[in-house]
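Input: a single structure, listed below in structure tokens.
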Amino acid sequence: MAVQETPVSRRLKSVRHIIIVCSGKGGVGKSSVSVQLALSLHASSPTARVGILDVDLTGPSVPRMLGLDGHGVHQSSDGWVPVYADARADGEPRLACMSVGFLLKKKGDSVVWRGPKKNAMIRQFLSDVRWGELDYLVVDTPPGTSDEHLSLIEHLAPVQSRLSAVIVTTPQAVALLDAMKCLSFTRAVALPVLGLIENMSGYVCPCCGEISNVFSTGGGAEMARREGVPFLGSMPIDTDLVTLLDAAESTDQGATDGQQDEVSEVRSFGVLQRYQKTSSAKLISALVEKLISTLPSVEHVLMNSSA
Amino acid sequence: MLAVQQPTLAPDPLSVPSNAPEHCPVSLNQVRHIPDPPNDFDWQGTESELAGKADACNGCANQEICASNTPKGPDPALPFIHERMSTVKHKILVLSGKGGVGKSTFTAQLGWAFAANEQLQTGVMDVDICGPSIPTIFGVAAEQVHSSSSGWSPVYVQDNLGVMSVGFMLSSSRDAVMWRGPKKNGLIAQFLKDVDWGDLDYLVIDTPPGTSDEHLSVVQYLKESGIDGAVLVTTPQEVSLQDVRREIDFCRKVGIRVLGLVENMSGFVCPGCKTESQIFKPSTGGAERLAKETGIQLLGKVPLDPRIGKSADYGVSFLDEYPDSPASHAYLDIIDKIKCVLGGNSAQ
Numbered sequence: 001m002a003v004q005e006t007p008v009s010r011r012l013k014s015v016r017h018i019i020i021v022c023s024g025k026g027g028v029g030k031s032s033v034s035v036q037l038a039l040s041l042h043a044s045s046p047t048a049r050v051g052i053l054d055v056d057l058t059g060p061s062v063p064r065m066l067g068l069d070g071h072g073v074h075q076s077s078d079g080w081v082p083v084y085a086d087a088r089a090d091g092e093p094r095l096a097c098m099s100v101g102f103l104l105k106k107k108g109d110s111v112v113w114r115g116p117k118k119n120a121m122i123r124q125f126l127s128d129v130r131w132g133e134l135d136y137l138v139v140d141t142p143p144g145t146s147d148e149h150l151s152l153i154e155h156l157a158p159v160q161s162r163l164s165a166v167i168v169t170t171p172q173a174v175a176l177l178d179a180m181k182c183l184s185f186t187r188a189v190a191l192p193v194l195g196l197i198e199n200m201s202g203y204v205c206p207c208c209g210e211i212s213n214v215f216s217t218g219g220g221a222e223m224a225r226r227e228g229v230p231f232l233g234s235m236p237i238d239t240d241l242v243t244l245l246d247a248a249e250s251t252d253q254g255a256t257d258g259q260q261d262e263v264s265e266v267r268s269f270g271v272l273q274r275y276q277k278t279s280s281a282k283l284i285s286a287l288v289e290k291l292i293s294t295l296p297s298v299e300h301v302l303m304n305s306s307a
Numbered sequence: 308m309l310a311v312q313q314p315t316l317a318p319d320p321l322s323v324p325s326n327a328p329e330h331c332p333v334s335l336n337q338v339r340h341i342p343d344p345p346n347d348f349d350w351q352g353t354e355s356e357l358a359g360k361a362d363a364c365n366g367c368a369n370q371e372i373c374a375s376n377t378p379k380g381p382d383p384a385l386p387f388i389h390e391r392m393s394t395v396k397h398k399i400l401v402l403s404g405k406g407g408v409g410k411s412t413f414t415a416q417l418g419w420a421f422a423a424n425e426q427l428q429t430g431v432m433d434v435d436i437c438g439p440s441i442p443t444i445f446g447v448a449a450e451q452v453h454s455s456s457s458g459w460s461p462v463y464v465q466d467n468l469g470v471m472s473v474g475f476m477l478s479s480s481r482d483a484v485m486w487r488g489p490k491k492n493g494l495i496a497q498f499l500k501d502v503d504w505g506d507l508d509y510l511v512i513d514t515p516p517g518t519s520d521e522h523l524s525v526v527q528y529l530k531e532s533g534i535d536g537a538v539l540v541t542t543p544q545e546v547s548l549q550d551v552r553r554e555i556d557f558c559r560k561v562g563i564r565v566l567g568l569v570e571n572m573s574g575f576v577c578p579g580c581k582t583e584s585q586i587f588k589p590s591t592g593g594a595e596r597l598a599k600e601t602g603i604q605l606l607g608k609v610p611l612d613p614r615i616g617k618s619a620d621y622g623v624s625f626l627d628e629y630p631d632s633p634a635s636h637a638y639l640d641i642i643d644k645i646k647c648v649l650g651g652n653s654a655q
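Okay, structure coming up:
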């Protein structure tokens, strides 16, 4: 397959690894895992540059989770400037974020688009955003295996040697069924899978410490074993994390009108620090180490096979 | 069996012409001002008459899409759908902008609760084409759809409860349905026109997350026959409420009445010490505040109960298995309210 030069491949030339986070089912924690991966990759090395792209066009959650609600995207001569989550940190910003949420006038606005418009938007996200040099680009996807996913794979085809996927699931059978469909999808489009993450596996009662398996447990590991996919780990339900990503203490109104940029920027830097205090952060950083070590091998194999 | 569409069908992404006209779908000004949807749902391409026909559009990957924006006649399936749906008394949509909040679970409980009355005929239609959960939740995942002279027969969970889902048509539950919009629309039209629903008192429609093809299609196809309203399901966190706000906006835009909000996964009672804790904290006031802000009725809150998920996995009715649990009471209370709202409708 001859690799064609496209605006997307030109733009993503300076991106070393592209990790697509997907899951057949909704609400299993794709966005939360994507955000955690991005934060963790950002923290994995003092120079790591990370981008996070939210292609969930009709339900963008990443801005809220990074505390970037209400920010807008600016245009430069070299394309759209992503929103930097660590804009107020010391040194140069290393965590870039792009989402359709930044393009909406009001956060309650619905994006009622059929496929072709979504396709055009995704292409624009991939070709027009000035990411700059990136070590990792984490792509958060909507649930399902439809327009967004097909468009993403299609537009990223020229850079396929740098693509890989992480599948997120919750332990109950209903979610595993959809995760299986997602896995079939990655196989159909020859997307290497770095591994499976089981999210929401168990909840520790804050009162008595008893672990309840709210959505059952162990299903993810079992599925990974059966399908021969690496199992990256299970993440219990972490209420601190839920609260943090929901930006509980932020003044909601401030973020809504989009005027108080300063307030939210100061707070968004806090997200990184406060995230590292949660128990999930430790789990994810172990998981990210695993991920980083498998990344080159997966991509190397692919380069060889396509050569 | 359904064929799986290869992801390479659409044209390769080509460059945006430097002199792209303002109506080009890939030029920035299009995207920054997301327009309101026109009433006829003719969404493809842009509004301009020149779309796809201007010189600068030559060679654009989206030219065909833009050029096909010529006003089309009504969908030929519409009269058939109208005829088929004329024997359905109430049509209810279960919506939520966010995934995994319990749409399918709620749909199933609603279906079971309606069907508990033997006099009532209930149908459940699953338009979540990429992730059909309804067959598993109803415990009929292994069933197949049969066709007869009067159309496809739904799968019957019990005598008065018929279910239709794309899950019944896959050769293996592992298969991914990799379809773009038009194919999904085609199947939804078929579900409404070719399924032999018979006389139904209630048709409950489970939808995928988001506000996209499936939603537009269902609304468009059922507009003439009339949709009684939509039940919006949410969880208490702001991340979910944000998406539900978008869904409310969608309902307003397309003119669907919102019957009410259901807050799912609201509080968790530890089976060990019986203390209630909030797994998904209502950091911005939860559905209660959203209901107040938008003037939509809050139908009720369903607590998180691990047995609900388990019942769904085993395909049994949670309401029948654990009739005394707080979650069952909450469900029944909500369902009574929905019946009440709908009852007012049918009295006319």
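If you're matching them up, the sequences are chains A and B in order.
Each residue of the first sequence is one higher than the last, beginning at 1 in the numbering used here.
Each residue of the second sequence is one higher than the last, beginning at 308 in the numbering used here.
For each residue, glycine too, the CB sits at the ideal point set by N, CA and C.
If you check each beta-carbon in the stretch 519 to 539 of chain B against every beta-carbon of chain A, the ones closer than 7 Å belong to SER519, ASP520, LEU523.
Here DSSP, grouped into helix, strand and coil, assigns VAL525(B) to helix.
Rounded to the nearest whole angstrom, the C-alpha separation of VAL447(B) and ILE399(B) is 22 Å. Judged by beta-carbon spacing, VAL576(B) lies within the 8 Å limit of PRO610(B), meaning their Cβ atoms are closer than that value. If you keep only unbroken alpha helix (DSSP H) runs of at least 4 residues inside the stretch 59 to 110 of chain A, you get 62 to 65.
Among the bridge pairs identified by DSSP, TRP459(B) is matched with SER454(B), VAL502(B).
Straight across, the Cα-Cα distance linking SER297(A) with ARG162(A) is about 11 Å. Looking at the backbone, the Cα of THR294(A) and that of GLY195(A) are separated by about 9 Å. Residues of the same chain with a CB within less than 8 Å of the CB of PHE231(A), apart from the 5 flanking positions on each side, are GLY195, LEU196, GLU198, GLY220, ALA221, ALA224, ARG225 in chain order. Your pair SER524(B) and THR58(A) does not check out as a contact, with CB atoms roughly 14 Å apart and the cut at 8 Å. The three-state secondary structure of SER478(B), taken from DSSP, is coil. The count of Cβ pairs closer than 8 Å, one atom from the stretch 18 to 31 of chain A and one from the stretch 162 to 176 of chain A, reaches three, so the stretches are in contact.
The beta-carbon of THR169(A) is placed no less than 8 Å from the nearest beta-carbon of chain B. Between the C-alpha atoms of ASP631(B) and ALA637(B) there is a straight-line separation of about 10 Å. Cβ-Cβ distances below 7 Å link PHE102(A) to PRO63, HIS71, GLY72, VAL73, VAL83 in the same chain, with the five nearest sequence neighbours on each side left out; the list follows chain order. Among the residues of chain A, those whose CB is under 8 Å from the CB of ILE586(B) are TYR203, VAL214, ILE237, THR239, VAL242, following chain order. Residues of the same chain with a CB within less than 7 Å of the CB of THR217(A), apart from the 5 flanking positions on each side, are PRO171, SER201, GLY202 in chain order. Approximately 13 Å separates the beta-carbon atoms of ILE641(B) and PHE625(B); this is outside 8 Å, ruling out the contact.
Counting of Cβ neighbours within 10 angstroms places PRO206(A) among the exposed residues, the total staying below 16.
Contact between VAL138(A) and LEU12(A) is ruled out by a C-beta separation of about 13 Å, above the 8 Å threshold. Chain A places no beta carbon closer than 8 Å to that of LEU568(B), leaving this residue out of the contacts. For the 8 Å CB-CB criterion, SER590(B) and ASP246(A) form a contact. Membership of PHE231(A) in the beta strand (DSSP E) is indicated by the continuous run 231 to 234. With its beta carbon less than 8 Å from one in chain A, THR443(B) belongs to the interface.
Annotation for CYS22(A): no alpha helix (DSSP H) segment contains it, though the beta strand (DSSP E) segment containing it runs 15 to 22.
Residue contact with chain B for VAL28(A): present (Cβ-Cβ distance below 8 Å to some residue of chain B). When the Cα atoms are used, GLY430(B) and ASP135(A) turn out to be separated by approximately 51 Å.
Under DSSP, ALA165(A) shares a beta bridge with ILE20(A), VAL193(A).
Within the stretch 572 to 602 of chain B, the residues whose Cβ lies closer than 8 Å to some Cβ of chain A are PHE575, CYS577, PRO578, GLY579, CYS580, THR582, SER584, GLN585, ILE586, PHE587, LYS588, SER590, THR591, listed in chain order. If the five residues before and after ASP535(B) are omitted, its C-beta is found closer than 8 Å to the C-beta atoms of HIS397, LYS398, ILE399, ARG564, LEU566, LEU649, ASN652, all from its own chain and listed in chain order.
In this structure, GLY51(A) lies away from VAL271(A), with their beta-carbon atoms at least 8 Å apart. Contact between ALA420(B) and GLN465(B) is ruled out by a C-beta separation of about 13 Å, above the 8 Å threshold. Below the 9 Å Cβ cutoff, chain B contributes GLY616, LYS617, ALA619, ASP620 as neighbours of GLN172(A), in chain order. If you draw a straight line from the Cα of ASP627(B) to the Cα of PHE557(B), it is about 34 Å long. Within chain A, the residues whose beta carbon sits less than 9 Å from that of SER480(B) are LEU177, MET180, LYS181, listed in sequence order. Counting other Cβ atoms within 10 Å of its Cβ, HIS149(A) reaches 16 or more and is therefore classed as buried.
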